[in-house]
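Novice: Dumping the structure here so I can ask a few things about it.
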Amino acid sequence: TGSWREHLPSCQVLVFVVDGSKDIDATKVSSTFQAAFKDHGLPEGTPVVVLLNKMDLVEASIGEERKAIMAASMAAAGAMTQCKICSVSAKTGDDVDEAVRVICGNTLTF
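For the sequence shown, our numbering begins at 122 and goes up steadily by one.
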């Protein structure tokens with residue numbers, strides 16, 4: 122119940138799903154994560170797993186470009202030290218197993 126923001130202080134890992142088939146607004150991503158860490162109480166050092174979904178809809182080179190944009194945005198927000206970015210397709214299942222291992226592993230290694 123309630124807003125997702127009230128759950129941030131008790132997060133053990135944050136999973137952020139992004140539509141990877143669309144252009145990524147680097148400024149919006151960076152400001153969203155800065156707010157999560159600074160304004161909404163996400164504990165510093167909380168692992169963040171970004172899932173770039175719908176990667177079945179884009180060419181590999183575009184997927185890699187969007188992954189790089191996301192990485193730069195996260196770094197600008199100060200979140201890269203504990204961030205893992207995974208390209209997945211929920212529709213086809215491509216790389217979902219790897220994402221689940223990253224999210225549910227006994228320890229998150231980045």
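Note that beta-carbon positions come from the ideal geometry of N, C-alpha and C, so glycine has one too.
1) Expressed to the nearest angstrom, what Euclidean distance is found between the alpha-carbon atoms of F154 and V134?
2) Specify, as a first and last residue, the run of the alpha helix (DSSP H) that I190 falls within.
3) Taking 7 angstroms as the limit between beta carbons, can you name the residues of its chain near A193, skipping five residues before and five after?
4) With a threshold of 16 other CB atoms inside 10 Å of the CB of T167, please say whether the residue is buried or exposed.
5) Short of 8 angstroms in beta carbon distance, which residues of its chain neighbour A220, apart from the five on each side in sequence? Order them along the chain.
Specialist: Reading off the structure:
1) Roughly 13 angstroms separates the two Cα atoms.
2) Following the DSSP letters along the chain, one finds I190 inside the alpha helix (DSSP H) bounded by residues 181-197.
3) Here the set comprises A147.
4) Buried, since its Cβ has 16 or more Cβ neighbours within 10 Å.
5) Closer than 8 angstroms at the Cβ level, and outside the excluded window around A220, lie V170, L172, C207, V209.
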